[in-house]
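A.B. asks:
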Amino acid sequence: MLRYIVRRVLMAIPVLIGIILVVFLLIRAIPGDPCTALLGERATEEACERFNEANGLDEPIWVQLGIYMKNVATFDLGESVRFSRPVNQLLIERLPLTTELALSALTLAVLVGVPMGIIAARRHNTAIDTGTMALANVGVSMPVFWLGLMLAYVFALVLRDTPFALPPSGRLSAGVFSTPYYEVWGWELRDGSFWSKFHEYVANHFMLNNLITGQWEVLGDAVKHMILPAVALATIPLSIIARITRSSLLEVMGRDYIRTARAKGVREINVVRGHAFRNAMLPVVTIIGLQLGALLGGAVLTETVFNLSGVGRALFDAITGRDYAVVQGFTVVVAAGYVIVNLLVDLSYAYLDPRIRIE
């Protein structure tokens, strides 16, 4: 197992290098440059020369690529020309929100989508099957931005001043603050050290931070703010998971060992739970892994509609502002997330199907 994990990690290194190379070249192929995007009307030729020299953009492209690859090897993702701050610090601030949003949306999609698929498969060619798949088709067809706006309108305006009202934007209400766990527990962290940055990153996961520190009011407020974005973002993955679960379970239910179990008098619920479900989960797990990777990097519309400052929104702003370091750094992190998720999916195959042996 360890040898397989090491081999997969080593195989991922050329993939990440290729992604860095492609993004590095594509972002520079976009018309415009950071100086013009940042300075606007003040972008004179002399000002841009000074700007490019200060940020190393006057060097040949292959020299810039070599410098960047060397910095990435030391986990230095550069500095944003727009914010004049290290990209690592921006990731510490932005990535936790996107991670919480993606995991919340995926949890909702799995908890609702898998049972929907199972029910539809067990009630194949009935009104329940037709209705469930109709709902799935509607869910996968609704644009995220439209659904987000409708949810915000209904729960923030129509249901205002009712117990069902939910906040339409932001991560916490005005005047509500999440105190980091290391401050609550009285830890003293050295500024600028790796561990101080690590603890800051973990503490920026507001729901986790408030859960382990017992800040229940802040936790409740954070959960309320996360409900609408998570529902809007989960709709499409939920629908896809429901459809894949249904089709995979129907395929498994037609195999010989299922008919044998039924012929032996095994109850239908035990047939599904003990014989069919685990074998039907392989394609479902694959889809769940792919959806998680997509959610980590594709929450731009959701974050924009609900005014959330996450990775997706920051990446979009960086592309429009030609902030090369932010685009490259955030893309590398999202790509690394994809690699890790795919590795976990591959490892889960051995658990779900004993016939699969990882040597």
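Here my numbering is used: the first residue of the sequence shown is 130, the next is one more, and so on.
Each residue gets a CB set at the ideal place from its N, CA and C atoms; glycine is no exception.
For E175, which of helix, strand or coil comes out of DSSP?
C.D. replies: Reduced to three states, the DSSP call for E175 is helix.
A.B. asks: Do the region 274-293 and the region 329-341 touch if we need at least three Cβ pairs shorter than 8 Å?
C.D. replies: No, the region 274-293 does not touch the region 329-341.
A.B. asks: Just to confirm my understanding: we take S233, look at its own chain, exclude 5 residues before and 5 after, and list those with CB closer than 7 Å. What are they?
C.D. replies: Within the same chain, S233 has close Cβ partners M355 and A359.
A.B. asks: Using the Cα positions of I487 and N471, report the straight-line distance between them to the nearest angstrom.
C.D. replies: Because I487 carries a pLDDT of 48, less than 50, the predicted location of this residue cannot be relied on, and the following value inherits that uncertainty. Their backbone Cα atoms lie some 15 Å apart in a straight line.
A.B. asks: Just how far apart, CA to CA, sit G321 and S209?
C.D. replies: So the two alpha carbons sit approximately 18 Å from each other.
A.B. asks: Among P292, P297 and T342, which has the Cα closest to the Cα of G315?
C.D. replies: G315 has its Cα closest to that of T342, out of P292, P297 and T342.
A.B. asks: Are the region 370-377 and the region 410-420 touching by the rule of at least three beta carbon pairs closer than 8 Å?
C.D. replies: Short answer: they touch.
A.B. asks: Please classify P163: does DSSP put it in a helix, a strand, or coil?
C.D. replies: In this structure, P163 counts as helix in the three-state DSSP scheme.
A.B. asks: Under a three-way DSSP split, which group does I487 fall into?
C.D. replies: With a pLDDT of 48 at I487, under the threshold of 50, the modelled position of this residue cannot be trusted; read the value that follows with caution. Correct three-state label for I487: coil.
A.B. asks: Do V461 and I148 have their C-beta atoms closer together than 8 Å?
C.D. replies: Contact flag set, yes.
A.B. asks: Buried or exposed: where does G304 fall if 16 or more other Cβ atoms within 10 Å of its Cβ makes it buried?
C.D. replies: Burial call: exposed.
A.B. asks: Give the secondary structure of E74 by DSSP, where H, G and I count as helix, E and B as strand, and everything else as coil.
C.D. replies: Outside the shown range of the chain (130 to 488) lies residue 74, about which nothing can therefore be said.
A.B. asks: With E312 as the anchor, note down where its alpha helix (DSSP H) starts and where it stops.
C.D. replies: Looking at the DSSP string, the run of the alpha helix (DSSP H) that includes E312 is Y310 to V313.
A.B. asks: Within the chosen definition, does the region 383-395 reach the region 259-270 through at least 3 CB pairs nearer than 8 Å?
C.D. replies: Counting Cβ pairs under 8 Å, fewer than three are found: no touch.
A.B. asks: Counting pairs of beta carbons, one from the region 433-448 and one from the region 246-257, are three or more of them closer than 8 Å?
C.D. replies: Short answer: they don't touch.
A.B. asks: Please say whether C164 and F153 have beta carbons closer to each other than 8 Å?
C.D. replies: Not in contact: F153 and C164 (Cβ atoms no closer than 8 Å).
A.B. asks: Using a threshold of 8 Å, state whether the C-beta atoms of L419 and V273 are closer than that.
C.D. replies: Going by C-beta atoms, L419 is not nearer than 8 Å to V273.
A.B. asks: How many whole angstroms separate the CB atoms of S298 and F435, which I take to be in contact at a CB cut-off of 8 Å?
C.D. replies: With a Cβ gap of about 5 Å, S298 and F435 count as contacting.
A.B. asks: Within 10 angstroms of the Cβ of I370, are there 16 or more other Cβ atoms? Answer buried if so, exposed if not.
C.D. replies: Burial call: buried.
A.B. asks: In terms of residues, what are the limits of the alpha helix (DSSP H) holding E432?
C.D. replies: E432 -> alpha helix (DSSP H) spans V429 to V434.
A.B. asks: Looking only at C-alpha atoms, which of E317, L301, G268 and W191 sits nearest to P366?
C.D. replies: Checked all of E317, L301, G268 and W191; the closest Cα to P366 is G268.
A.B. asks: Should A183 be labelled buried (16 or more other beta-carbon atoms within 10 Å of its own) or exposed?
C.D. replies: It counts as exposed.
A.B. asks: Closest to L206 by CA distance: which of S213, N217, I196 and F212 is it?
C.D. replies: It is N217.
A.B. asks: Bridge partners of P215, per DSSP?
C.D. replies: Its beta-bridge partners are E208.
A.B. asks: Between the Cα of N266 and those of L145, G242 and F406, spot the shortest distance and give me the residue it belongs to.
C.D. replies: Ranking L145, G242 and F406 by Cα distance to N266 puts G242 first.
A.B. asks: Closer than 6 Å by C-beta to Y467: which residues in its own chain qualify, once you throw out the five before and the five after it? Chain order, please.
C.D. replies: Same-chain partners within the cutoff: G422.
A.B. asks: Going by beta-carbon coordinates alone, are I247 and I257 separated by less than 8 Å?
C.D. replies: Cβ atoms of I247 and I257: not closer than 8 Å.
A.B. asks: Tell me the residue span of the alpha helix (DSSP H) that contains L264.
C.D. replies: That run of the alpha helix (DSSP H) goes A256 to S270.
A.B. asks: Near S302, what residues of its chain come up, given a Cβ to Cβ distance below 6 Å and the 5 sequence neighbours on each side ignored?
C.D. replies: These residues qualify, in order along the chain: D350.
A.B. asks: Just the Cα atoms here: how many angstroms apart are S477 and R132?
C.D. replies: Straight-line Cα distance between these residues: approximately 16 Å.
A.B. asks: If you drop the 5 nearest sequence neighbours on each side, which residues of the same chain put their C-beta closer than 7 Å to that of E174?
C.D. replies: Here the set comprises nothing.
A.B. asks: Residue ranges of each alpha helix (DSSP H) run of no fewer than 4 residues wholly in the region 313-387, ordered along the chain?
C.D. replies: Entirely contained in the region 313-387, the alpha helix (DSSP H) runs reaching 4 residues are, in chain order, 323-332, 335-342 and 345-382.
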